[in-house]
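To start, the structure under review is shown below, and the notes come after it.
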Amino acid sequence: MHFFDTILALALVALSTADAARILKVPPNHKAVPNSYIVVMKPGTSDNKFESHRSWVSKKLSASDSGVNNGGVRYEFNMDSQFKAYSGIFSDDVIRKISEDKDVSYIEPDIVVKLDKLRIQKNAPSWGLGRVSSIKPGYAHYIYDGKAGEGMTAYVIDTGIDVKHPDFDDRAIWGTNTVDSRDEDCGNHGTHVAGTIGGNRYGVAKKIKLVAVKVFSCDEDGGGTNVMKGMAWALAHARQNGDPKKSVMNMSLGGPYTRSFNEAAAAIVRAGIFLAVSAGNDGADASQKSPASEPTVCTIGATDSEDKIAKFSNYGSGVDLFAPGVDIDSTVPGGKTDSYSGTSMAAPHVAGVAAYLMAIENISGGAVCDRLKELAKDSVKGTPKGTTHKLLFNGVHRDRKKEPKRPKECPPCGKKYSY
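Structure (structure tokens):
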């Protein structure tokens, strides 16, 4: 009899273990915020179940019970029916208890995320705008439809934006800050990205509204929780203040493959927002990066002015297309400009063209990336096997014979044509 009792007990333990949610590990050679976790519910979990679970965690596993300083639930990410999650500070014992809830899908450490680090060359020529509206390289004029992204909103998930920069014509506003109390761009990165998306002189979509979503502090590092908070805020803002299908989001950032990060990005796309993501500057396969490895986002590699893949650009089958990303001139705080390089600079070219097309063609979400790939030119040289050759093109003058003659020289003058 004792034998059968033992077998039954072991079976119950095994069943309990099998039902427990997976607690994922920190990827090799990467860091996580100590004792910080993201708890993801099973797809389809109702709002009532989610709230009930979160309340249980808050009550039963309060800060005094958590075993760590400032413990307990910190932030909630209720993006849609397929992605509900929350983050918090918990001890190992508390995390094990949470994992036993049948409605929890998995638990992931709060991985440290970084900007796709800049490469800078002072006083370099600007060429990216001309390239996205011409069949061949070397054309200096930027040709675009006069709507220029009017009625669209771009959420810049980054270091913030200098919203008073004169190139933004009062179209840039401060949205939210998930990291500190300094509502300013002390890293330059976000303002440079915003200038490429929608600056009057340096931007692709010159009439778009720009929203600063600061998720990095001045040291330009941050936990995935801060980035996801910014993403969730932007999604809620788009829903409350208009139509997500009239919004684009740019994320020139990334970290190691992180399941929760990818699923949050997928929720953004499901809502109808176009999401441009930098492929990364590791000279490696983008499949190991998040959110670049999420199939539904538009993942962007970088090229130089001769249409060659940039030496630093990530690659692989997960890269959707390439865009100018070497020696890109754009805005920086203080009313100034500077030239940066990186896939961080390539992605906002795509976000700008996406907004431009969405305003003209009434498309949204993942369909926009498909449309961009239809219009793109097979021009990129030197890509590894299995990587696309597609280079961003806004669709103006698809026939080379109709393309205006190239001037000998011209700054990014933004010459306007309708088509």
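With mature numbering (1 follows the signal peptide of the UniProt record, and there is no 0) as the guide, the letters of the sequence shown map in order to residues -20 to -1, 1 to 399. C-beta: ideal position from N, C-alpha, C; glycine also.
- Nearest in C-alpha terms to Thr311, of all of Thr156, Thr171, Trp154, Ser114, is Thr171.
- Taken through DSSP and simplified to helix, strand or coil, Cys198 comes out as coil.
- Three or more Cβ pairs closer than 8 Å define a contact, and the segment 90 to 97 meets that threshold against the segment 194 to 214.
- Annotation for Leu301: the continuous beta strand (DSSP E) segment containing it runs 301 to 304.
- In the same chain as Ala264, and ignoring 5 residues on each side of it, the C-beta atoms closer than 6 Å to its own belong to Asn294, in chain order.
- Take the alpha-carbon of Tyr122 and the one of Glu80: they are about 57 Å apart.
- The DSSP assignment places 27 to 40, 72 to 79 as complete runs of the alpha helix (DSSP H) inside the segment 21 to 87, in order along the chain (cut-off: 4 residues).
- Excluding the 5 residues flanking it on each side, Ile75 has same chain C-beta neighbours closer than 7 Å at Ile3, Tyr17, Ile87, in chain order.
- The Cβ atoms of Phe196 and Gly235 do not sit closer than 9 Å to each other.
- By the Cβ rule, the segment 268 to 275 does not count as touching the segment 212 to 230, because fewer than three pairs are nearer than 8 Å.
- The C-alpha of Met338 lies about 32 Å from the C-alpha of Thr25.
- Closest in alpha carbon position to Cys198, among Val191, Ala192, Ile115, Val159, is Val159.
- When secondary structure is reduced to three states using DSSP, Leu4 falls in the coil class, being assigned neither helix nor strand.
- Taking a 10 Å sphere around the C-beta of Asn157, we find 16 or more other C-beta atoms and assign the residue as buried.
- Note on geometry: alpha-carbon atoms of Glu164 and Lys82 lie some 43 Å from one another.
- The beta carbon of Pro364 sits closer than 6 Å to those of Tyr295, all from its chain and outside the five residues before and after it, given in chain order.
- Contact between Ala12 and Ala134 does not hold, since the beta-carbon distance rounds to 30 Å and is not under 8 Å.
- Secondary structure at Pro275: coil, using DSSP grouped into helix, strand and coil.
- Of the other Cβ atoms in all chains shown, 16 or more fall within 10 Å of the Cβ of Arg151; this residue is therefore buried.
- Under the three-pair Cβ rule at 8 Å, the segment 131 to 150 does not count as touching the segment 351 to 366.
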